[in-house]
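One structure is given below, encoded as structure tokens.
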Amino acid sequence: MHQGPFIAGVEGLEGIGVEASDAKEVLVCIENPTLARALEEAINLIEPFHAVGVVFDIGALLKELERVQVHVVVLDGEILARSWRELLQVFGHRHTQVKVLQVGGWRSTEGPVGESLACEQVVPYDATVEDLEEALRLACFGRKRPETGATARERLLAWAPDVGALALLFAFVAYLARDLFKGEYLFTEYGDWPYQAYKLKSMMEYGFLTWSNDWSGGFAVWQGYQFLPHVATLLLKWVTGWSITKAMVFAIGVLFVLFRLIFYTGLRLAGFPAPVALIGAMLTLAMVGYYRPLTDFSLLWGVSLFPVALFLLPGPGGSLVRVYATAALVGFGIYVHPIFAILGTITLVCYFVTSGEVTLREALSGLGIVFLTSAFFWFPVMLGDRPEYQNLWEISASLQRLLFPTEWLGLSASMIAVGVALGASFLAAKGFRLEGLNRRLLATSGATLGVVLPTVLAAYFGLTPGIVNEVEPARWMPFAGILLAILGAFVVQSVYLGSSRQVILLIALGFIAADALVIAKGRLPTVSAQLPEPRVVQALSEYGRVSYGDRVISRSDVVPDISFFHFGEVRLAGNYFGKGAHEILMPALMWLLFSNERGSTVESGDATLALAYMKAIGGTYFIVPETYPIARALVPEGELAGVLPLRQRTKGFTLFEVPGAKAQAIITTRASASEVLFPDVKYDTDGQRKERDRLVLRFAELIEAPGTIVPTARYPSQTEIIVEAADVPREGYLIVFAPYDSAWEVTIDGKVGKVERAGPYFIGIDLSNLEGVAGVHLVHGMHWTWKVGMALTAIGALAFGFLTYRAGGYDLRIWLRKRMIALKNR
């Protein structure tokens, strides 16, 4: 296949010094798609020519000529040979307005094409960029390219606007983020950030396999393998010797600045002038929704990657290389944050629909790359040994709205106001037209926003199905803000093309900078110069009797602090990154303990069921702020006094002890174990929930039954459990209060055993062949779905390389080179 001859001269091409007012639009019609796209790339490189489109047959050419006004038509000689009579009818009255440049010769007995169609130049198929440039100049201007290129001084001056804009942008954004480069800890309103710190420490101490046991093996689909930000941060910690939290804070500061620099660079590569790109990048500082991901950490990495996909995808010529590169970025981006992968896939589909330059086969190939490269995430999550997901928020749809920021549009009120004013200017602007790349960028961004905003609004009002709620549209708002900022850059571009542009842009820049200062001051999280000790951590430390063998129950807002600051000292029951039995039991337990609606423990005055849930989940202590209704009810002077013994009241928290056996594992009979095997259902009906309550009460009774043995359980690490028991009866059956997963490898007195699901998604082990003393050693290995997922991801990487090679992998480098030359010549 012909790879396109117009690539050879790209590296040595210099500017030709034509004024912007001389700009000429070119329409390409060549049968070979690869050659046509390569030709469009070359035309866009030659100032002042701009390829406004590529078509592949005569019908599409005639239709396009009716829609747009062009100065030059680059036409395939083979098409001329077959269709020159049709073209004569179109060009007969337009040949003084439209020049025809023929690429490739053709044979005809009807006379030379130059006489028939006023074709100014015939360029051979083996022409270089310089040959095409000379032909275009002769066809349109009757003059050749200047013999000498720009001097070194002129080239240096050409870069001055970008250097100045980048320096100004960097200085301003770095000033806003100055505290992030020297802080030790980030105070946030959400538990995500300290829990991310906990996961970093978990990886550092116990290795990568902790993900399967403690993190995503059974949680919601969206909250999966966010390991790339964690691995990068651990590398930063290793290089610098900093603490985990300091490395996290510094990484956030770098991303805060880098995000704006990426946005500016993307706008410049898309052809926006330096002042417009600067204002567009500054607009992102007014994205109120952006500041919440600062408290999430891994989501911030995904937000920072999103502009890369947006600007890479709709580049000039509809190159398949960029499509496949974006698909690979989106696929591997799922390991940064799944929400980035979701929004990236939506963007890809919107580009396929709006561009009209990608065939169905090519689009499916791109989506196939996404599907395969992300398999290490979705394959274990969807096909692993996880139970039916129990969504706490489904209990009350109104709770979903609490996840949304007040400014659900994602922009500040002042930015909305100025956007209306600039929109009016956009409508009043004359002579503003969207060309090739900009048209694709606008169409892709607009279409993506047209999907994102309605989805977010529908989720806010509770109109979306459960599967959409699981990916939390509330967290899409920073991505919507990025799309709005790109659309804002188009509006600013329209003003830039009008009169009095310097004054208008200067006022806009000053207004945006002032607005950004106000927003950043109020929205940037508070940075601490030293590691704090939260009150809940102090309360547990003062008691001094809670060990790693215990399992503490608490509200999710303090769970992350306990997880990180008491790492290796305290385990938590049912934290919101739990798995297995935690998913099945915790939503109901949280409802019984903390809801003020009818049926909760506080409202009913009966804690029997809540106590049974605590026992079933292995809870030994319960800590809660003393201001909570459940705390006031459980203290000695409350209406539920005596249900849970009060052990300590300090630092604003109350600590209660769960009475009865402190069981982390039990030995019973197989018959008794079969009576408390929970069905693997979602428990989303009243009947299923009542059955769950009955099983929980029965399981709590079994723990306290006279014939039940409570063995000693030790936890050398998060992926290892040792259970030791004496007086094991014949036909005994061990239930370990840890999430079931077939990847657990068990040895019983040195012999390999088998694990199975027992109780509320706990680990069950048959001890029927043992009697007396038993030592059980559990180690969590790599689940088979992990191995298959890794294999599929490797296949996806190979598919990306193969498809990119077939599409001509070199043209991405040429596109970047072309944009650099174009920017230098402006």
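Numbering of the sequence shown is given in our numbering, commencing with residue -5 and proceeding in unit increments. A virtual CB, placed ideally from N, CA and C, is assigned to each residue, including glycine.
Using a 10 Å radius around the Cβ and a threshold of 16 neighbouring Cβ atoms, would you call residue i buried or exposed?
{"i": "residue 462", "result": "exposed"}
{"i": "residue 312", "result": "Since pLDDT at residue 312 reaches only 44, below the 50 mark, its modelled position is unreliable, and no value is offered."}
{"i": "residue 598", "result": "exposed"}
{"i": "residue 55", "result": "buried"}
{"i": "residue 45", "result": "buried"}
{"i": "residue 639", "result": "exposed"}
{"i": "residue 697", "result": "buried"}
{"i": "residue 565", "result": "buried"}
{"i": "residue 762", "result": "exposed"}
{"i": "residue 658", "result": "buried"}
{"i": "residue 515", "result": "exposed"}
{"i": "residue 524", "result": "exposed"}
{"i": "residue 801", "result": "buried"}
{"i": "residue 591", "result": "exposed"}
{"i": "residue 688", "result": "exposed"}
{"i": "residue 501", "result": "exposed"}
{"i": "residue 458", "result": "buried"}
{"i": "residue 668", "result": "exposed"}
In three-state DSSP terms, what is residue i?
{"i": "residue 726", "result": "strand"}
{"i": "residue 629", "result": "coil"}
{"i": "residue 423", "result": "The pLDDT assigned to residue 423 is 47, lower than 50, so where the model puts this residue is not dependable; a value taken from the coordinates is nonetheless given after this. If DSSP states are grouped into helix, strand and coil, residue 423 belongs with coil."}
{"i": "residue 795", "result": "helix"}
{"i": "residue 86", "result": "Low per-residue confidence applies at residue 86: pLDDT is 49, beneath 50, and the placement is therefore not dependable, though the value from the model is reported in the following sentence. Three-state result, residue 86: coil."}
{"i": "residue 43", "result": "strand"}
{"i": "residue 451", "result": "helix"}
{"i": "residue 547", "result": "strand"}
{"i": "residue 824", "result": "Nothing about residue 824 can be read from this structure; the chain reaches only from -5 to 820."}
{"i": "residue 711", "result": "strand"}
{"i": "residue 756", "result": "strand"}
{"i": "residue 614", "result": "coil"}
{"i": "residue 57", "result": "helix"}
{"i": "residue 239", "result": "helix"}
{"i": "residue 800", "result": "helix"}
{"i": "residue 179", "result": "strand"}
{"i": "residue 567", "result": "coil"}
{"i": "residue 69", "result": "strand"}
{"i": "residue 52", "result": "helix"}
{"i": "residue 161", "result": "helix"}
{"i": "residue 479", "result": "helix"}
{"i": "residue 592", "result": "coil"}
{"i": "residue 721", "result": "strand"}
{"i": "residue 195", "result": "helix"}
Just curious, the alpha helix (DSSP H) that residue i is in, first and last residue?
{"i": "residue 321", "result": "314 to 327"}
{"i": "residue 685", "result": "680 to 698"}
{"i": "residue 470", "result": "Residue 470 -> no alpha helix (DSSP H), and no H or E assigned at all."}
{"i": "residue 339", "result": "332 to 349"}
{"i": "residue 832", "result": "Coverage of the chain is limited to positions -5 through 820, which leaves residue 832 absent and any answer about it impossible."}
{"i": "residue 672", "result": "Taken as a continuous stretch (DSSP letters only), residue 672 belongs to no alpha helix (DSSP H), as it is neither H nor E."}
{"i": "residue 827", "result": "The chain is shown from -5 up to 820; residue 827 falls before or after that span and cannot be answered."}
{"i": "residue 24", "result": "Neither: residue 24 is in no alpha helix (DSSP H) and is coded neither H nor E."}
{"i": "residue 541", "result": "Segment: none, residue 541 is in no alpha helix (DSSP H) and carries neither H nor E."}
First and last residue of the beta strand (DSSP E) that includes residue i?
{"i": "residue 461", "result": "Here residue 461 belongs to no beta strand (DSSP E); instead the alpha helix (DSSP H) covers 460 to 463."}
{"i": "residue 740", "result": "738 to 742"}
{"i": "residue 772", "result": "766 to 774"}
{"i": "residue 660", "result": "659 to 663"}
{"i": "residue 648", "result": "647 to 651"}
{"i": "residue 522", "result": "520 to 522"}
Check whether the Cβ of residue i lies closer than 8 Å to any Cβ atom in chain B.
{"i": "residue 565", "result": "Absent from the structure: chain B. Only one protein chain is present."}
(request) Evaluate contact between the stretch 354 to 361 and the stretch 459 to 479, counting only Cβ atoms and requiring at least three cross-stretch pairs below 8 Å. (result) Here the stretch 354 to 361 does not lie against the stretch 459 to 479, with fewer than 3 beta-carbon pairs under 8 Å apart.
(request) Pair every Cβ in the stretch 664 to 680 with every Cβ in the stretch 629 to 646, then say whether three or more of these pairs are closer than 8 Å. (result) The stretch 664 to 680 is not in contact with the stretch 629 to 646.
(request) Enumerate, from N- to C-terminal direction, the unbroken alpha helix (DSSP H) stretches of 4 or more residues contained entirely within the stretch 260 to 301. (result) Scanning the stretch 260 to 301 from its first residue to its last, the whole alpha helix (DSSP H) runs of 4-plus residues come out as 268 to 277.
(message) For the pair the stretch 768 to 785 and the stretch 368 to 379, tell me if three or more CB-CB distances fall below 8 Å.
(response) In short, these stretches touch, since the Cβ pair count reaches three.
(message) Below 8 Å, how does it come out for the stretch 180 to 189 and the stretch 532 to 547: are there three or more Cβ pairs, yes or no?
(response) No, they do not touch.
(message) Taking contact to mean 3 or more Cβ pairs, one atom from each stretch, closer than 8 Å, check whether the stretch 219 to 233 and the stretch 290 to 309 are in contact.
(response) Counting C-beta pairs with one atom in each stretch, the stretch 219 to 233 and the stretch 290 to 309 have three or more that are closer than 8 Å, which means they touch.
(message) Across the stretch 614 to 628 and the stretch 547 to 561, are there enough close Cβ pairs to call them in contact, namely three or more that are closer than 8 Å?
(response) By the C-beta criterion, the stretch 614 to 628 is judged to be in contact with the stretch 547 to 561, since at least 3 inter-stretch pairs fall below 8 Å.
(request) Check whether the stretch 704 to 713 touches the stretch 741 to 758, counting contact only when three or more Cβ pairs, one atom from each stretch, lie closer than 8 Å. (result) Verdict: no, contact absent.
(request) Specify whether the stretch 772 to 779 and the stretch 728 to 742 touch according to this definition: at least 3 beta carbon pairs, one from each stretch, less than 8 Å apart. (result) Touching, yes, given that three or more Cβ pairs across the two stretches are closer than 8 Å.
(message) For the pair the stretch 247 to 261 and the stretch 170 to 177, tell me if three or more CB-CB distances fall below 8 Å.
(response) Segments in contact, yes.
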